Structures are given as structure tokens and as C-alpha cells.
Amino acid sequence: MMVSEGVKIRAAIDTESVRAVMLVSGGGCIALLALLPSIIGTSLVVGMMWAFACWVLSLSLAVISNVLRRKCSLIYDQHGYNPPTGKPKFGIMPKEPWVCWWNWKLLYTSIALFVIGGAIMVGYGFAGMDELTEIRAAEQPQNP
Numbered sequence: 117m118m119v120s121e122g123v124k125i126r127a128a129i130d131t132e133s134v135r136a137v138m139l140v141s142g143g144g145c146i147a148l149l150a151l152l153p154s155i156i157g158t159s160l161v162v163g164m165m166w167a168f169a170c171w172v173l174s175l176s177l178a179v180i181s182n183v184l185r186r187k188c189s190l191i192y193d194q195h196g197y198n199p200p201t202g203k204p205k206f207g208i209m210p211k212e213p214w215v216c217w218w219n220w221k222l223l224y225t226s227i228a229l230f231v232i233g234g235a236i237m238v239g240y241g242f243a244g245m246d247e248l249t250e251i252r253a254a255e256q257p258q259n260p
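Under the working numbering, residues 117 to 260 are what the sequence shown spells out, in order.
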């Protein structure tokens, strides 16, 4: 069976979506690690570590989702792009094979964790604004 151009386009979009999630989560982790030395000893460290944990988990889930996406693609290919649905479990009735269902759930959870980590960091940032201002003022050279 020939794969339609639409299927190829959607697969390319899915690939770019997973790459984008991995890029922002990984980039966020690196940015937080770079920020760590400047906020050691402040209340922002707690928020940063929670955000870091969210973003590491987000990155991990995106990678796992990508592996499951490959397996899902194989199932679709083996069944002429009309695979059987997964058997109901735990009250969930997937409309596609379980591996495909998990692929999407993990990707969406990964995106949600990135947003949650960002919200945590922003919240702690606003809450610690006075503390950050004091640190900045202390670092500035005093004029005689």
C-alpha cells in the first residue's frame, strides 16, 4: 500500500513537534543549571529545583514518546494503516493500539510538565523579586 502525501506530512509534523518539546525542555534544563550559581543561597533555589525536575521529566517523557512513536508507526505499517484498536483496560477504550495511545499521552504530559516547570520558575521569580534586587544591589560597586 502506498503511503499518502498527507500521512508523510503529518509524520514530518509529528517529528518536528517531538523535537521542539525535547529542545525546549533540554534548553530549559541547561538554562537553569547555568542560573544555579547566581541564586545559590536564595529562596529561588527551591523553585529552580522543582522546575528542573519538571523539565528533566518532560525531556525523559518526550524521548520515551519518540520511541513509542516508532513502534506505533511499525504497527500501522504492518496493518496497512488500519491497525486494530487496543483492548479496553482500566476503563480506557483506546481508538488505536495501546503503544500509540501511550505515545500521545506521554507527549502531552511532557508538554504539560514543561509549562508547569515554567510556571513554577516564574512564580518563585516574582515571589523572590525583592531578594534578587537586594543581591543585585550588593553586587554593584559603591560610588564614593
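Glycine included, C-beta positions come from ideal geometry on N, C-alpha and C. Keep in mind it's a predicted model, so treat the numbers as computed, not measured.
*Would you check if there are 3 or more beta carbon pairs closer than 8 angstroms linking the segment 153–168 to the segment 120–135?*
Segments in contact, no.
*Just to confirm, are SER174 and ALA243 a CB contact at a threshold of 9 angstroms?*
Here residue 174 corresponds to residue number 58 of the sequence shown, with the count starting at 1. Here residue 243 corresponds to residue number 127 of the sequence shown, with the count starting at 1. The criterion of a C-beta distance shorter than 9 angstroms is not satisfied by SER174 and ALA243.
*Between the segment 128–147 and the segment 228–244, are three or more C-beta pairs nearer than 8 angstroms?*
Yes, they touch.
_For the structure I just gave you, are there three or more beta carbon pairs, one from the segment 196–213 and one from the segment 161–177, closer than 8 angstroms?_
Segment contact: the segment 196–213 against the segment 161–177, fewer than three CB-CB distances shorter than 8 angstroms; contact not assigned.
*Report yes if the C-beta distance between ARG185 and ASP246 is below 9 angstroms; otherwise report no.*
Here residue 185 corresponds to residue number 69 of the sequence shown, with the count starting at 1. Here residue 246 corresponds to residue number 130 of the sequence shown, with the count starting at 1. Cβ distance not < 9 angstroms, so ARG185 and ASP246 don't count as in contact.
*asked:* If contacts are defined as beta-carbon pairs under 8 angstroms, then VAL215 and LYS187 qualify, I think. What distance do you get, rounded to the angstrom?
replied: Within the sequence shown, the letter at position 99 stands for residue 215. Within the sequence shown, the letter at position 71 stands for residue 187. Indeed, because the Cβ distance is near 5 angstroms, the residues count as touching under 8 angstroms.
*Best match in VAL238, MET237, ASP193 and TYR224 for proximity to SER133 [C-alpha to C-alpha]*: If you number the sequence shown from 1, residue 133 lands on position 17. Measuring from the Cα of SER133, the nearest candidate turns out to be TYR224.
*Nearest-angstrom Cα distance between PHE168 and PRO213?*
Numbered from its first residue, the sequence shown carries residue 168 at position 52. Numbered from its first residue, the sequence shown carries residue 213 at position 97. Rounded to the nearest angstrom, the gap between the Cα atoms of PHE168 and PRO213 is 32 angstroms.
*SER189: which of LEU148, PRO257 and ALA128 sits nearest, CA to CA?*
Translated into positions along the sequence shown, residue 189 becomes position 73. Residue ALA128 is the option with its Cα nearest to SER189.
*Find the nearest neighbour of MET138 within the set VAL179, GLY163 and MET164, judged by alpha-carbon distance.*
For this step, residue 138 is matched to residue 22 along the sequence shown. The residue from VAL179, GLY163 and MET164 with its alpha-carbon nearest to that of MET138 is VAL179.
*Assigned secondary structure, LYS203 (DSSP; H/G/I helix, E/B strand, else coil)*: Sequence index remark: in the sequence shown, residue 203 carries index 87 (1-based). Coil at LYS203, not helix or strand.
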